[in-house]
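See structure below.
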Amino acid sequence: MKKANLIMLGAPGSGKGTRASAICEVLGIIQVSTGDLFRSNLKAGTPLGKEAESYMNKGELVPDGVTAAMVKERLLQPDAKGGFVLDGFPRTVGQAKLLEEMLAQMGERICAVLYLDVPESELVKRISGRLVCRGCQASFHKDYNPPKVAGVCDKCGGELYTRDDDKPETVKNRLKVFEQNTLPLVDYYRQKGLIVELPPELSPKGALGDMRELCSKWGLVRE
Ligand code: AMP
């Protein structure tokens, strides 16, 4: 298998998480979602969670150093050796540089940056109906991707909820932060020849079918 160290890049609500988890299921590699890591630290009441909380509530970015240290700790765990999909990281050029440094120390590198370019009007629609599982973090949408039983996760039976930062006043700021801080990464990675644009909509095959097709096109298979 060609080793897959991938970045999923896109605005909040662009469908990064859904595609990242489908690729991980296809290839048996790990998904590293910084948003999920912060939310589980918050839930567990760790010092990191407390530090992140005030930024998250305002839709601001947690400082680069704190975020990169959390990612490094995760990537040093043995299960990251087989490959990973970074979902929601990096979000600034500073984070991208910190990532390069840490990967170089590990003898690793990024092989592609999968970019989802979704218009802002669509992002707002997707975020405003989003429901997330408290248990496994799977994401649903009340109209576009409703769970089989209202309020219950199809995957693990956990309770579905609306994230605090998916409320309209915070969403506006998150989209502004994306445009100012994260969008420059598209050019940054384009210059390195790493950007692969993904269709912003899933085909009727769904996330798993589409990502399976993408991986086989690249010759990426489960070990
Ligand atoms: P997400 O679930 O990816 O939308 O992230 C939720 C929130 O967690 C963001 O609005 C930020 O406050 C914080 N966060 C997640 N990833 C990062 C990152 N790479 N850098 C800084 N803050 C982040």
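What the sequence shown shows, in the numbering used here, is residues 1359 to 1581, in sequence order.
Just so it is clear, CB atoms sit at the ideal spot from N, CA and C, and this is done for glycine as well.
Original post:
Hey, how far is the Cα of residue 1385 from the Cα of residue 1581?
Top reply: The straight-line gap from Cα to Cα measures roughly 7 angstroms.
Subject >> Endpoints, beta strand (DSSP E) assigned at residue 1431 >> reply: For residue 1431, there is no enclosing beta strand (DSSP E); the enclosing alpha helix (DSSP H) has its first and last residue at 1422-1433.
**OP:** Identify whether residue 1470 lies in helix, strand or coil by the three-state DSSP scheme.
**Re:** In this structure, residue 1470 counts as strand in the three-state DSSP scheme.
Original post:
For residue 1437, is the classification buried or exposed, using 16 other Cβ atoms within 10 angstroms of its Cβ as the cut-off for buried?
Top reply: Per the 10 Å Cβ criterion, exposed.
**OP:** Give me the Cα-Cα distance between residue 1404 and residue 1397, rounded to the nearest whole angstrom.
**Re:** In this structure, the straight-line span from the alpha carbon of residue 1404 to that of residue 1397 is close to 10 angstroms.
Subject >> Beta carbon shell of ligand 1 at less than 5 angstroms from a heavy atom >> reply: Counting only heavy atoms of ligand 1, the residues whose C-beta sits closer than 5 angstroms to one of them are, along the chain, 1370, 1392, 1393, 1396, 1413, 1414, 1419, 1420, 1425, 1446, 1447, 1449.
**OP:** Locate the alpha helix (DSSP H) running through residue 1583, then write down its first and last residues.
**Re:** What is shown of the chain runs 1359 to 1581, which leaves residue 1583 out entirely.
**OP:** Tell me whether residue 1373 sits in a helix, a strand or coil according to DSSP, three-state version.
**Re:** Residue 1373 falls in the coil class under three-state DSSP.
Original post:
Considering only residues of the region 1443-1518, which uninterrupted beta strand (DSSP E) runs meet the minimum length of 3 residues and lie entirely inside it, listed in chain order?
Top reply: Annotation note: the region 1443-1518 contains the following uninterrupted beta strand (DSSP E) runs of length 3 or greater, listed N- to C-terminal: 1470-1474, 1488-1491, 1497-1499.
Original post:
Which residues does DSSP pair with residue 1581 in a beta bridge?
Top reply: Under the DSSP definition of a beta bridge, residue 1581 lacks any partner.
Original post:
Can you name, in chain order, every residue of its own chain whose Cβ lies under 7 angstroms from the Cβ of residue 1500, other than the five neighbours on each side?
Top reply: Result list for residue 1500: 1487, 1489, in chain order.
Subject >> With 16 other Cβ atoms within 10 Å as the buried cut-off, status of residue 1549 >> reply: The residue in question, residue 1549, is exposed, as its Cβ has fewer than 16 Cβ neighbours within 10 Å.
Original post:
Counting along the chain, where does the alpha helix (DSSP H) carrying residue 1571 start and finish?
Top reply: Where residue 1571 is concerned, the enclosing alpha helix (DSSP H) stretches over 1564-1575.
**OP:** Tell me, please, whether the region 1428-1445 touches the region 1363-1374 by the rule of three or more beta-carbon pairs shorter than 8 angstroms.
**Re:** With three or more CB-CB distances shorter than 8 angstroms, the region 1428-1445 counts as touching the region 1363-1374.
**OP:** Return helix, strand or coil for residue 1387, following the three-state DSSP convention.
**Re:** Shown here, residue 1387 sits in coil according to DSSP, grouped into three states, outside any helix or strand.
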